[in-house]
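Trainee: Quick one: the structure is below, questions incoming.
Residue numbers (this note's numbering): 167 to 692.
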């Protein structure tokens, strides 16, 4: 295969994101403009994620639909790594158009609805979920045709390594309520996003957009759009019904498929919610357990809609060993279930083996005094963290701190996994010998890193692109060896490794003009 540098000319950078860099270029051999996406090196180093990306991209490349941006080629460049060549569409994104025009005419909203549903029907039939339908991923061609794009890169947003050093990934304003609760994506969750896009195109308002991630997620879960604003659709009752149905909070109340939604748009509501008997297809790329770890952590923020009177219980690996006296078995979880085992295998941090007695773990109210006999030789743990964190033990979610209830655990050592989007996943090892209250300070388990660069540079931490300086924020890393690399379009790159210590803060200053990269502690003079 010829190198990209030999095949493409007039390359112009369009955007640089966490996953890839995008360019417009000219393909000399085919004499046409193309859209080039090159995956960042940190992604290419993860063989599992890379293989999954290539499988989906190649599957999507087989699709030829007028409402989907065509993927011409998926390959590996010897110098630049994994890449995709896509159709170049002359026009603009729907986001840019709405920013300029505010709304679309009712007839254009109907055209948009048909285009998105036809595109999703083709994707879903091929076993591909889009998972990122939003105005930024919809192209408006100059002749009025709408095209859906980014259906192969959308899946990569669940890559665990892409969330370690970043506070928030993506926007929740197009997220279906069931996804905001940590459920798996489906055709119906794609259709919810379509409903949001159509409502926004018709009214000029995203009903779930907010200044904070937490508030946006709350609106997705709890608030209804202002349906009176859909009066802009005039007499197109079928289109209005489609939007209302796609935006229902319960997934089961939405059309089962994009094809059913097209029937609804055509004025055939009776068939809109019919699930085909034969539709037992397994999607090409099932969701990983870590996809919504950040989102779930924010959803379960204290006072953020969490049910405070329910904390799941944990039982032993051998659920049959639980005695008949164990109360409320409807709240127990079998740690040997395939779902939990899968989640454990996909934990984004290396699992630390600890002593895990084959006995049960229960949760009780702080006021309860009659449960001492539930588990022999057990203790009560009142667990809190600063700041808040989503807590799991042995792959089972316990909720978000403060938990509000005590955990009844066997005496001994337990490893809790704590997740907060401002920190990498933290493993806290607690030795429990008696009833106790513990507060875990997340900052004591990580090192904070301040990075400054002269004159400027692209910053990579452990082969993961963090962003372009100045970052205006501290990085957080777990104890161990880490490598920082600074690149520049003209100046030589700098790279340095160091041993991070928990609870410490360091400053790294890079001067690309003098090729100096220094690491200093706060008390150390420059």
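Using N, Cα and C, we set each Cβ at its ideal position, and we do this for glycine too.
The model shown is predicted, which means the values in this text are computed figures rather than measured ones.
Whole angstroms are fine: how far does the CA of residue 410 sit from the CA of residue 338?
Mentor: If you take the alpha carbons of residue 338 and residue 410, they lie about 19 angstroms apart.
Trainee: Using 8 angstroms as the threshold, is the C-beta distance between residue 586 and residue 553 below it?
Mentor: Cβ atoms of residue 586 and residue 553: closer than 8 angstroms.
Trainee: Nearest-angstrom Cα distance between residue 305 and residue 294?
Mentor: In a straight line, the C-alpha of residue 305 is about 19 angstroms away from that of residue 294.
Trainee: Please look up how many angstroms separate the CB atoms of residue 312 and residue 278, rounded, as I've assumed it's under 8 angstroms.
Mentor: That belief holds up - the Cβ atoms of residue 312 and residue 278 are roughly 5 angstroms apart, short of 8 angstroms.
Trainee: Taking the beta carbon of residue 649 as the centre, do at least 16 other beta carbons fall within 10 Å, making it buried, or is it exposed?
Mentor: Classification for residue 649: exposed.
Trainee: What separation, rounded to the nearest whole angstrom, lies between the Cα atoms of residue 289 and residue 296?
Mentor: Roughly 7 angstroms between the two C-alpha positions.
Trainee: Here's the rule I'm using: 16 or more other beta-carbon atoms within 10 Å means buried, otherwise exposed. How should residue 555 be labelled?
Mentor: Buried.
Trainee: Just reading off the beta strand (DSSP E) that residue 613 is part of, what are its end residues?
Mentor: Counting along the chain, the beta strand (DSSP E) containing residue 613 begins and ends at 613-620.
Trainee: If you draw a straight line from the alpha carbon of residue 685 to that of residue 307, how long is it in whole angstroms?
Mentor: Using only the alpha carbons, I get a separation of about 50 angstroms.
Trainee: Looking at the unbroken alpha helix (DSSP H) that takes in residue 300, where does it start and where does it end?
Mentor: It is not in any alpha helix (DSSP H) - residue 300 carries neither H nor E in the DSSP assignment.
Trainee: Start and end of the beta strand (DSSP E) containing residue 191?
Mentor: Note, residue 191: beta strand (DSSP E), 186-193.
Trainee: Please confirm whether residue 668 and residue 636 have their CB atoms less than 8 angstroms apart.
Mentor: No; because the gap between Cβ atoms is not below 8 angstroms, this pair is not in contact.
Trainee: Under a three-way DSSP split, which group does residue 637 fall into?
Mentor: Coil, per DSSP.
Trainee: Is it the case that the Cβ atoms of residue 678 and residue 657 are separated by a distance below 8 angstroms?
Mentor: Yes; because the gap between Cβ atoms is below 8 angstroms, this pair is in contact.
Trainee: For residue 258, which residues in the same chain have their Cβ closer than 6 angstroms to its Cβ, ignoring the five residues on either side in sequence?
Mentor: Same-chain partners within the cutoff: 306.
Trainee: Apart from the five residues on each side of it in sequence, which residues of its chain come closer than 7 angstroms, Cβ to Cβ, to residue 551?
Mentor: Cβ within range, chain order: 567, 584, 605, 606 and 608.
Trainee: Secondary structure at residue 168, three-state DSSP: helix, strand or coil?
Mentor: Residue state, collapsed to three classes: coil.
Trainee: When burial is assigned at 16 or more other CB atoms within 10 Å of the CB, is residue 665 buried or exposed?
Mentor: By the 10 Å Cβ count, residue 665 comes out exposed.
Trainee: Assign residue 418 to one of three DSSP states: helix, strand, or coil.
Mentor: It is helical.
Trainee: Are the beta-carbon atoms of residue 617 and residue 674 separated by less than 8 angstroms?
Mentor: Taking 8 angstroms as the Cβ cut-off, residue 617 and residue 674 qualify as a contacting pair.
Trainee: To which residues does DSSP link residue 313 through a beta bridge?
Mentor: Residue 313 pairs with 305.
Trainee: From residue 670 to residue 299, what does the alpha carbon distance come to, in whole angstroms?
Mentor: About 41 angstroms.
Trainee: Does the beta-carbon distance from residue 203 to residue 370 come in below 8 angstroms?
Mentor: Taking 8 angstroms as the Cβ cut-off, residue 203 and residue 370 do not qualify as a contacting pair.
Trainee: Can you tell me whether DSSP reads residue 576 as helix, strand or coil?
Mentor: DSSP places residue 576 in strand when its eight states are reduced to three.
Trainee: For the ligand ATP, any of its heavy atoms closer than 7 angstroms to the Cβ of residue 642?
Mentor: As far as ligands go, the structure on display features none, and thus does not contain the ligand ATP.
Trainee: Who are the near neighbours of residue 242 in its chain, counting only those whose CB is closer than 7 angstroms to its CB and skipping five residues on each side?
Mentor: The residues are 248.
Trainee: Over the uninterrupted beta strand (DSSP E) stretch that includes residue 240, give me the two end residues.
Mentor: 237-243 is the extent of the beta strand (DSSP E) around residue 240.
Trainee: How many Å lie between residue 173 and residue 223 at the Cα?
Mentor: The alpha-carbon atoms of residue 173 and residue 223 are separated by roughly 21 angstroms.
Trainee: Kindly indicate which residue of 576, 647, 654 and 230 has the alpha-carbon position closest to the one of residue 631.
Mentor: With distances taken between Cα atoms, residue 631 lies closest to 654.
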